[in-house]
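Everything on this sheet refers to the single structure shown next.
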Amino acid sequence: MRLVPRGRGLRDPNLRDRLYELLEHDPLAYSVGSRFIQLVISVIVLDVVAMILASVPELDAQYGTLFSAIKIVSIVVFALEYAARLWTVAGHTPRKGSALSDRLGYAFSALGIIDLMAFLPAAIVLVMGRHATLAALGVLPFFKLIRYSPAMRSLLAAVHAERRALIGCVVILIGVVLTFASLLYAIERDVQPTKLGTIPEAMWWAIVTLGTVGYGDVVPVTALGKFVSVFAIISGFAMIALPVAIISTAFAEEVKRRDFVVTWGMLARVPLFSHLSAAEIADIMRLLRARTVEQGEILVRRGDPASSMYFITAGEVEITLPNQQVRLADGTFFGEIALLHKTKRSGTVTATRKTRLLVLDAQHFHALIERMPTLAAHVHNTAKARLEETGDLAATELAQAERERTDR
Numbered sequence: 221m222r223l224v225p226r227g228r229g230l231r232d233p234n235l236r237d238r239l240y241e242l243l244e245h246d247p248l249a250y251s252v253g254s255r256f257i258q259l260v261i262s263v264i265v266l267d268v269v270a271m272i273l274a275s276v277p278e279l280d281a282q283y284g285t286l287f288s289a290i291k292i293v294s295i296v297v298f299a300l301e302y303a304a305r306l307w308t309v310a311g312h313t314p315r316k317g318s319a320l321s322d323r324l325g326y327a328f329s330a331l332g333i334i335d336l337m338a339f340l341p342a343a344i345v346l347v348m349g350r351h352a353t354l355a356a357l358g359v360l361p362f363f364k365l366i367r368y369s370p371a372m373r374s375l376l377a378a379v380h381a382e383r384r385a386l387i388g389c390v391v392i393l394i395g396v397v398l399t400f401a402s403l404l405y406a407i408e409r410d411v412q413p414t415k416l417g418t419i420p421e422a423m424w425w426a427i428v429t430l431g432t433v434g435y436g437d438v439v440p441v442t443a444l445g446k447f448v449s450v451f452a453i454i455s456g457f458a459m460i461a462l463p464v465a466i467i468s469t470a471f472a473e474e475v476k477r478r479d480f481v482v483t484w485g486m487l488a489r490v491p492l493f494s495h496l497s498a499a500e501i502a503d504i505m506r507l508l509r510a511r512t513v514e515q516g517e518i519l520v521r522r523g524d525p526a527s528s529m530y531f532i533t534a535g536e537v538e539i540t541l542p543n544q545q546v547r548l549a550d551g552t553f554f555g556e557i558a559l560l561h562k563t564k565r566s567g568t569v570t571a572t573r574k575t576r577l578l579v580l581d582a583q584h585f586h587a588l589i590e591r592m593p594t595l596a597a598h599v600h601n602t603a604k605a606r607l608e609e610t611g612d613l614a615a616t617e618l619a620q621a622e623r624e625r626t627d628r
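With the numbering used here applied, the sequence shown corresponds to residues 221 to 628, in that order.
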């Protein structure tokens, strides 16, 4: 009797693909993948907090067993996650290499090393029984949040993109430190031989001064030394401002680039835009704005003025019409009929689960269909079909809209 069908189990590529989607994609809140992400983040936070509290002797004496149990559970969770990522990454890399090369690529990647360091050192120290060292390693799982934080990933991407400029800043900083350290060594070595008697000692003063920290443990006493210190302090402001400006500009560009890619990906899910060229899609992207609605949130109420058209990129909404209810899911759009007829909303739209939308305002909608006849024809045909098949717009409201236009 065969309990597992042929092709099933751990060797089943479909199972591996599904698990990869669960681990790597950024799903909506209602999905299993999102709940998994929330679980991992909760374990990370709990582990870090427990290790911080374990460093307090009074708390450790009272709750030491609990802290150790949390650490063991965290190690098991992170180890299982690492093993799952190592198994599922095969066949899902751009290089399209062998399964071994894909897994080695993940193992030696930055995120792979972070995933490994989140549990391996703690597991080794736990076996050795060095409790104080275990508490010191509690911060390592925190870096796993990089995987789940778009802002942190964007910041790291910005630093990587500007690495040459930042290395140049470090070289300039070293040169400035050596210059001011040598000057103060030459000026103050006879006056303060114990503090500035060597260039390495003078470099400590230069680093502290350029960093605008100014501990006060080493200060010049001669007039010429103080004069040099003024220029060192002013140079310190430039040393701080230069890398900050580079990173902030790169970070802003990276966020803009990420938003562009996300919006492009959302547009690609809408069949209405599938036939458009890249230039036309880029033109439309400037008119659309992204919006996320939670489950149960009312997006449009019956009788509201028609102000926007909506494209569903992920999720589902329910439209309550006078005589029926209609559900729309990924890739569909709604709200175009009221805009075309310039009347009020015929139904109430409610999100049945967390939903991502692209919103096109009425002004941009009319300008868009004037510029793109093919797109306008598609919208008109869809609107006509809905009126005939689903009654998306109540006939009485159409008649009312016609009367209002006639009265004008």
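Note that CB positions come from ideal geometry on N, CA and C, so glycine has one too. Everything numeric in this text was worked out from a predicted model, so none of it was measured.
Legend entry - Inter-residue Cα distance where the pair is PHE471 and LEU403: 37 Å
Legend entry - Residue interval of the alpha helix (DSSP H) (run including GLN544): First-last for GLN544: undefined, no H or E at that position.
Legend entry - Buried or exposed (CB count within 10 angstroms, at least 16 for buried), MET271: buried
Legend entry - Beta-carbon gap between VAL520 and GLY555 smaller than 8 Å: yes
Inset, instruction - Return the bridge partner residues of VAL579 from the DSSP annotation. - result: ARG509, TYR530
Inset, instruction - Decide yes or no for the touch test of the segment 505–512 against the segment 572–579: beta carbon pairs closer than 8 Å, at least 3 of them. - result: yes
Legend entry - Three-state class that DSSP yields for PHE287 in the structure shown: helix
Legend entry - Cα-Cα separation, ALA249 to ILE427: Caution applies to ALA249, whose pLDDT of 48 falls short of 50 and renders its modelled position unreliable; the value that the coordinates give is listed next. Distance between the alpha carbons of ALA249 and ILE427 is about 48 Å.
Inset, instruction - State the start and end residues of the unbroken alpha helix (DSSP H) segment that holds LEU559. - result: 556–561
Legend entry - Environment of PRO631 [buried if 16+ CB atoms lie within 10 Å]: The displayed coordinates of the chain run from 221 to 628. Any statement about residue 631 would go beyond what the structure contains.
Inset, instruction - Please name the residue in ALA534, SER527, GLY567 whose C-alpha comes closest to that of GLN544. - result: GLY567
Inset, instruction - May I ask you to report which of helix, strand or coil DSSP gives VAL297? - result: helix
Inset, instruction - Within the same chain, show all residues whose beta-carbon is closer than 7 Å to that of PHE421, passing over the 5 residues directly before and after it, in chain order. - result: Note on identity: in this sequence residue 421 is Glu, with Phe being the wrong assignment. Contacts found: LYS415.
Inset, instruction - Would you kindly work out how many angstroms separate the C-alpha atoms of GLU244 and GLY311, rounded to a whole number? - result: 13 Å
Legend entry - Span of the beta strand (DSSP E) around ALA319: Where ALA319 is concerned, there is no enclosing beta strand (DSSP E), although the alpha helix (DSSP H) it sits in stretches over 319–327.
Legend entry - Where the alpha helix (DSSP H) through VAL441 begins and ends: It is not in any alpha helix (DSSP H) - VAL441 carries neither H nor E in the DSSP assignment.
Inset, instruction - Go ahead and pull the three-state DSSP assignment for LYS574. - result: coil
Legend entry - Whether SER374 touches ARG478 by CB criterion (8 Å): yes
Inset, instruction - Return the bridge partner residues of GLU538 from the DSSP annotation. - result: ARG547, THR570
Legend entry - Buried versus exposed, by CB contacts within 10 Å (16 or more), LEU588: buried
Inset, instruction - Check each candidate in LYS291, GLU301, PRO277, SER329 and name the one with the smallest Cα separation from ILE345. - result: According to the sequence as given, residue 345 is Val; it is not Ile. Closest option to VAL345, Cα to Cα, is LYS291.
Inset, instruction - May I have the straight-line CA-CA distance separating THR602 from PRO593, to the nearest angstrom? - result: 14 Å
Inset, instruction - Could you work out which residue in THR285, LYS604, LEU242, GLU474 is closest to VAL382 when comparing CA atoms only? - result: Per the sequence presented here, residue 382 reads as Glu, with Val not at that position. Out of THR285, LYS604, LEU242, GLU474, GLU474 has the C-alpha closest to the C-alpha of GLU382.
Legend entry - Reference LEU559; option with closest CA among ARG591, GLU538, GLY436, ALA596: ALA596
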